[in-house]
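Report on the structure given below.
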Amino acid sequence: MLLTIRTTHRPATDLGFLLHKHPDHVHTREFPFGQATVFYPEASEEACTAAVLLDVDPVTMVRGRGGRDGAEDQYVNDRPYVASSLLSVVLARWFNSALSGRCERMPDLVSIALPLEARLAVVPCRGGDAFLRELFEPLGYQVETRRHALDDSIPELGESRLFTVTLRSSRRLGDLLTHLYVLVPVLDDQKHYWVGHDEVEKLLRHGEGWLERHPARDAIVSRYLVRQRGLVRDAIARLTAEEEPEEEATAERKEAGEHALERTLSLNDRRLDAVCDALRETGASRVLDLGCGEGKLLRRLLADPQFAEIVGMDVSSRALDAAERRLKLERLAPTQRERIRLLHSSLMYRDPRLAGFDAAVVMEVIEHLDPPRLRAFERVLFECARPGAVVLTTPNGEYNVRWPSLDAGRFRHPDHRFEWNRAAFQAWALGVASRFGYAVRFEPIGDEDPAVGAPTQMAVFTR
Amino acid sequence: MTLTIPELSLVVLIGASGSGKSTFARRRFAPTEVLSSDAFRALVADDENAQGATVDAFAALHFVAARRLARARLTVIDATNVQPEARKPLVALAREYHVLPVAIVLDLPDELCYERNRSRADRTFGPHVVRNQRSQLHRSLRGLGREGFRHVHVLRSQDEVDAAIIERQPLWNNRREERGPFDIVGDVHGCCDELVDLLRQLGYVTGESGAWRHPEGRKVVFLGDLVDRGPRIADTLRLAMSMVAEGNALCVPGNHDMKLKRKLEGREVMVSHGLERSLEELDQEPPDFRGAVRDFLDGLVSHYVFDEGRLVVAHAGMKEDMQGRGSAKVRDFALFGETTGETDEFGLPVRYNWASEYRGRASVVYGHTPVPEPEWLNRTLNIDTGCVFGGRLSACRWPEKEVVSVAARRIYVEPVRPFQPADTAPGLTAQQANDDLLDMDDVRGKRLIDTRLQRNVTIRDENAAAALEVMSRFAANPKWLIYLPPTMSPSETTKRDGLLEHPSEAFEYYRSHGMPRVVVEQKHMGSRAILVICRNEEVARSRFGVMDGEEGICYTRTGRRFFENAALERDIVQTVGAALGRSRFWERFQTDWACLDSELMPWSVKAIELVRQQYASVGAAARVGLGEAVAALEQARGRGVDVTGLLERHRSREAMAEQFARAYRHYCWPVNSLADIRIAPFHVMATEGAVHVDKDHVWHMETLASVVEAGGNLLMRTPYHVVDLGAQESEDAATKWWTELTEAGGEGAVVKPMAFVAHGRRGLLQPAIKCRGREYLRIIYGPEYTTPEYLQRLRQRGLSAKRSLALREFALGVEGLERFVRKEPLRRVHECVFGVLALESEPVDPRL
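Protein chains in written order, with our numbering: chain A, 8 to 470; chain B, 1159 to 2006.
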């Protein structure tokens, strides 16, 4: 990992005083994650370049994770090569004076603007060229970026998210270092471990005077702080390691996909409202939320005393753990607590624990099932569990054309196996209703478009 | 004095405090059989006399008693039990678990009891307590039978108590020691002609007495309903009774037989459903025959457990929790089965389909409800094929499990409703229809799976939970998933310079475990793929119960369809199927389907996202980052700064980054059609009737070679060497091959013992060990792992967890196939497949 800082201030070699590193020497220092070296590729009156070279030990990186060998901590890791939060650590610990604008030998030099050029040899950036510019241009940098291909010999692989970035500006060295200190981890959107818990303090201290007014402030803050969890290795990720794109990428796409699309309509809230209303209308008191996820609907159901017994079921035990935390089940009053249960089960297996309810909600679930497996789902729900009523929602694929950001033919979520149009959904639902002895009616959810209908479609089955 | 009690019973001791119950129990029963109220008081309250803890103590005692009875353990209740309300829950418990309640009353004199209590410091109550208890006891004595106690024994003196001997009597239905062979005959209903036809066909002959017997000593088991409806009821009875009398047959009663018996005993019954036919015929018989029939019917036992518990017979079936037990409910179930309480459109009671929920280990053969075709369902078989209604008379041969039938000579009675199984989809067997849905209770929670190769394999709760999610969200139709391959351990870490793995350690592993020869197969650079190929769509339906018109499947090691593109998958399945056909594989193995274990190339088909986001991305970062670093260092050196060491190091890192990129590039090529895909099959896992783990690996290689030859461009052979572990030159040759292979960028090789299933001195050996090449391992351990100081640290990897996992998964995989080949219910196959998936979620270093 390489950062170079160049100046054409005269005499340029004063850079050595500011950095407290003599231009003719090679300076090394050990860090927990490897060795850092500072040397000067050029050092003359006219131009001086300091290079910060970080030689990260990949084995230590992995071993450092408490000996827990999971899918996420791979030896095959870009950390040794890219500018990351490790660079910030080096800046903070080894360039502390320069960073905070102190220089005993040349106290005046720290406070004047110098012509500076910083170059990050490789930095991963989620958000691409645009985001890079969004971060640095408002701070007065002239930004030059070069994006790298994943592999020139396999052009089909396409572009990487790796950039070589050059920043030019005339300013105090301390400011440049501070900006790099805060923004490199933000670009990378990933932090290593040894970052402590005082992140908020650090951010406020280093961001003083510029971050408050930065137009991308919110993005910077959330990216800087967000990556504190993330190390929990889990069995599922490993099981599907070969077949599933790594999780963060999925999450990213999801965020850019379904969520962002639908947020504009706050479709999620309208769907929850519609489902709750439909459920209330059935007169149900004992209800099932099949595929409850992290419990958004459960929270609403809890708020309505009509629902005396609420069971949230999901196939993901992680989702259920999250639901338990989010609903603060442990701290509910006993009378409330008695109303709700969480159940780890699956819509692919007959489960007697799901039988005997007044109504069941299946909200945005079926599109995650492979079409050939729908038959099992139908029997599990309509034949075996056989609730008095079923409220079921799924995306209306026709509506996708109304979202310009969604490429044609793509689904709203990478895990969707299908997104039916209205005719397909209604044909399926009518078939189910007649096979299992239910009546069914349909309702749109969200603003209805005259040509393509509403974004979400709902079927209410009763018997 | 001998007290006879059934071997499975709930023994309730009744007696006043101090009557010597505990001493009696201690002497006559095993300590774990006795549940004493005092002991339970102590358990819940630390004081065996804490009267305030009585309610809790009995709750705990009843709970333990229930668990014991559920497990069919004789249980003795040591408490005073002098009041009816104390005994009532115990009788209820015995009924719930279909065991017989037995009362043993210790009615000893007041003075004796009082004296005994006085001698104990912890029993401070006065004589009135014992007096009260005894009078309650006396008031109870006469009513014990009415309360439900089938056996009541009263001991009235210490001498009687001392002399009492407990004799445990096997239940009538316990015939576990009778191993057969049997011919189990369904409902005859007076169809004596057909019965004779059937007996002849089964090889029975008439002996000197005129009674039928089998020259090989086989026995007939009549499933009841000998009488009513048909044309020759008395003859049928005569035949059956004579066979039973001579020990050549056993008979369980049917509901018709019991109704006839009640009529013959002179009781009031409604004469209907063909009973009138029986009475007509019996009226023509002499009275002593009628008496003999009555006695015969009276002596019939509701059901039998045969063959060490492997076979249960009863007229209308027998649920698992009732087998080998005795109660009125058990008898009723044996005679009538269970009904839902509803009636159908013909006015007949709707039968509750107990067989679809049956999970017992014993096979149950039964009759009672006519079906067109006897079909195994969850180890149960209904062989009433409705002879009297013009169907057939059928027998099940045990242990052969074959069904033999003879046609009815004519329709004797028109059936009230057409006999047909209720919910069978056309073209599916009853079992396949039943298997359309699997049950949560068959996969959830902690499980022990019994496997032939490794006895019990434990699946932990949290791993089952992980597997449930993967199976539900990603897996293909479980009917296709008959096998998941095991994980594979690498060889012991080598000490050779610059390497982590080398074949010599794998050779040494097998040599040290006594294997004379091994097979070394090239490890292909692809993804594991399981192919299940049917000869045609019809086979997919009839053998796998898959109705989607598919002819096979190609799935990954986690049970997911390999291709989202259904047309591409169909092309592959059909191409492999055609190759099997052309190589005369179907004929050679007399099979219509095959399960092949294979490697599918390129790896990038399945792992393109992984290549993109991890490998290529790291490669690009390394290339650019190290390139810039080298340039900066060169510039510094140019102006005289001493960076020689750093520069050298970064140049070598740059070279390793390039080697890393070369390594992953071997695994990537674009796939646009079938022509871009290669499949290398290396195991013939199973075909109809056979799991081929009894063949050695050379057999598998050669068998598949002919299939590959017929497979055109799609299929490829797996190069292999047989290595004699006693001959250095043989080992050297294989090592040389491995070295060339891996230095050219190949992934490596897999070393397998000659036998598919190999046992060493300490049990099952690893079925395969992989030796991966130095360049390939960059993909696993990172571009620079060959740097000596990194390599030194990586050598500390431990293999034991991986090896244990590999063995358990191997045992489960083979077990699943064996169950499928035995045509066991899908849940039994799925249990193993699910188990492999669950084990895969155990935390093991993923780089191994």
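We put the CB at the ideal spot given by N, CA and C, even for glycine.
One or two residues paired with residue i in a DSSP bridge
i	result
Ala367 of chain A	A:Leu295 and A:Val397
Leu1409 of chain B	The sequence given here has Cys at residue 1409 of chain B, not Leu. Answer is B:Phe1380.
Met1598 of chain B	According to DSSP, which records beta bridges pairwise, Met1598 of chain B is partnered with nothing at all.
Asn1540 of chain B	B:Tyr1524
Pro451 of chain A	A:Gln464
Lys1928 of chain B	B:Pro1648 and B:Val1908
Residue i versus residue j - alpha carbon distance
i	j	result
Val1263 of chain B	Ile1172 of chain B	5 Å
Lys1477 of chain B	Thr1893 of chain B	60 Å
His32 of chain A	Val1909 of chain B	54 Å
Gln1748 of chain B	Glu1846 of chain B	7 Å
Glu1533 of chain B	Thr1587 of chain B	7 Å
His1309 of chain B	Leu1232 of chain B	15 Å
Val318 of chain A	Val294 of chain A	6 Å
Ala1215 of chain B	Thr1282 of chain B	20 Å
Glu1206 of chain B	Ser1195 of chain B	8 Å
Phe1721 of chain B	Cys1712 of chain B	8 Å
His266 of chain A	Thr463 of chain A	Because His266 of chain A carries a pLDDT of 49, less than 50, the predicted location of this residue cannot be relied on, and no value is offered for it.
His34 of chain A	Tyr47 of chain A	10 Å
Arg1920 of chain B	Asn1723 of chain B	46 Å
Val1574 of chain B	Arg1435 of chain B	17 Å
Arg212 of chain A	Arg133 of chain A	25 Å
Contact with chain A by residue i, beta-carbon distance below 8 Å
i	result
Glu1942 of chain B	yes
Gln1241 of chain B	no
Gln1793 of chain B	yes
Ser1864 of chain B	no
Glu1560 of chain B	no
Asn1592 of chain B	no
Min CB distance residue i to chain B below 8 Å
i	result
Tyr356 of chain A	yes
His420 of chain A	no
Glu163 of chain A	yes
Glu219 of chain A	no
Arg386 of chain A	yes
Thr15 of chain A	no
Ala99 of chain A	no
Thr469 of chain A	no
Val96 of chain A	no
His375 of chain A	yes
Glu426 of chain A	no
Phe314 of chain A	no
Cβ neighbour criterion (16 or more within 10 Å) applied to residue i
i	result
Gly1656 of chain B	exposed
Pro1648 of chain B	buried
Ala1250 of chain B	exposed
Pro1941 of chain B	buried
Thr247 of chain A	Low confidence applies here, because Thr247 of chain A scores a pLDDT of 33, under 50, leaving its location unreliable and the question unanswered by this model.
Glu1243 of chain B	exposed
Val1451 of chain B	buried
Gln1589 of chain B	buried
Phe1221 of chain B	exposed
- Message: I'd like the ranges of any alpha helix (DSSP H) spanning at least 4 consecutive residues and lying wholly in the region 1873–1921 of chain B.
- Response: If we require 4 residues or more, the alpha helix (DSSP H) runs fully inside the region 1873–1921 of chain B come out as 1886–1901.
Please go through the region 1391–1472 of chain B and give each complete beta strand (DSSP E) segment of 3 or more residues, from N-terminal end onward. 1407–1409, 1461–1464 and 1469–1472
- Item | Segments of 4+ residues assigned as alpha helix (DSSP H) that fall wholly inside the region 127–163 of chain A | 135–143
Those runs of the beta strand (DSSP E) which lie wholly inside the region 1473–1534 of chain B and span at least 3 residues
1497–1501, 1507–1509 and 1521–1524
* Asked: Which residue spans inside the region 1695–1742 of chain B form an unbroken alpha helix (DSSP H) run of at least 4?
  -> 1695–1702 and 1724–1740
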